[in-house]
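Residue numbers (our numbering), protein chains in the order written: chain A, 413 to 525; chain B, 46 to 156.
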């Protein structure tokens with residue numbers, strides 16, 4: 413039972429470099445999310461996709477882009493990484509409209525130097 | 046907008062102690078409320094939830110009651126174990142595909 417799988421688990425970038433975080437879920441969920449977790453700030457929503465073919469901004473979308481490639485996959489791209497984007501990134505999915513229970517991946521720890 | 050405020054940590058307890066983590070919320074309408082737990086090095090997982098006023102969610106000895114009159118959803122456990130050491134997040138869903146999370150409370154249980 414894979415659930416939600418994120419890659420890579422760790423990445424170190426230099427300021428200005430680009431990278432893409434990959435996420436895939438095998439639960440046939442409609443909704444997918446990208447959150448970032450920072451100390452003392454909990455989880456903040458970057459982007460979400462309520463269903464295949466749609467994406468919407470969350471609380472902190474600046475500096476990020478997303479692609480809902482198909483129902484299974486939802487990627488997060490940093491076009492020009494900044495030190496402020498050093499964080500742990502979590503992908504999640506949900507099978508219920510209106511939020512419901514989210515299933516999370518194990519996280520991707522990104523450091524931008 | 047919707048928001049969640051939970052007590053700041055860290056919280057350090059001895060085994061078999063009573064644990065309470067306070068959570069209050071601000072929301073329009075009638076949100077669903079959740080507690081998630083994050084064990085070291087892992088992603089978040091749902092601990093319990095309640096979808097309407099006066100509902101009590103429970104799991105693994107943890108309980109929380111949805112109190113609409115006080116806009117609260119406090120998490121309690123009567124006797125904690127070392128294995129309960131984790132970060133606990135309160136969250137709400139206002140029905141718009143998104144969850145809003147509190148800042149998280151780190152709990153450490155000592156043997």
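Just so you know, even glycine gets a beta-carbon here, dropped at the ideal spot from N, CA and C.
Since this is a predicted model, take the numbers as computed values, not measurements.
Can you give the Cα-Cα distance for residue i and residue j, rounded to whole angstroms?
i                      : j                      : result
residue 437 of chain A : residue 479 of chain A : 14 Å
residue 156 of chain B : residue 416 of chain A : 33 Å
residue 106 of chain B : residue 152 of chain B : 15 Å
residue 125 of chain B : residue 89 of chain B  : 19 Å
residue 422 of chain A : residue 482 of chain A : 24 Å
residue 53 of chain B  : residue 473 of chain A : 26 Å
If you count every other CB in all the chains shown that lies within 10 Å of the CB of residue i, and 16 or more means buried, which is it?
i                      : result
residue 97 of chain B  : exposed
residue 494 of chain A : exposed
residue 136 of chain B : buried
residue 444 of chain A : buried
residue 81 of chain B  : buried
residue 523 of chain A : exposed
Are any of the Cβ atoms in chain A nearer than 8 Å to that of residue i?
i                      : result
residue 138 of chain B : yes
residue 144 of chain B : yes
residue 91 of chain B  : yes
residue 153 of chain B : no
residue 148 of chain B : yes
Is any beta-carbon of chain B found at less than 8 Å from that of residue i?
i                      : result
residue 454 of chain A : yes
residue 502 of chain A : yes
residue 516 of chain A : yes
residue 457 of chain A : yes
residue 464 of chain A : no
residue 534 of chain A : This structure leaves residue 534 of chain A out entirely; chain A is present only between 413 and 525.
residue 428 of chain A : no
Would you verify that the beta carbon of residue i is, or is not, closer than 8 Å to some beta carbon of chain E?
i                     : result
residue 71 of chain B : Chain labels in this structure do not include chain E; the protein chains are A and B.
**Study point:** Residues of the segment 55-89 of chain B with Cβ closer than 7 Å to any Cβ of chain A, in chain order
**Key:** From the segment 55-89 of chain B, only 77, 87, 88 and 89 have a Cβ closer than 7 Å to chain A.
Exercise for review: Would you list, in chain order, the members of the segment 94-121 of chain B that have their beta-carbon closer than 8 Å to a beta-carbon of chain A?
Suggested key: So the list reads 94, given in the order they occur along the chain.
Exercise for review: Give, in chain order, every residue of the segment 470-495 of chain A whose Cβ lies closer than 9 Å to some Cβ of chain B.
Suggested key: Hits within the stretch, in order: 470 and 471.
Exercise for review: Just list the beta strand (DSSP E) runs in the segment 468-502 of chain A, keeping only unbroken ones of 3 residues or longer that don't cross its boundaries, in chain order.
Suggested key: Whole beta strand (DSSP E) segments, 3+ residues: 476-480 and 486-490.
Exercise for review: Only counting runs of 3 or more residues, tell me where the beta strand (DSSP E) segments fall wholly within the segment 437-462 of chain A, in order along the chain.
Suggested key: List check, beta strand (DSSP E) in window: 443-450 and 454-461.
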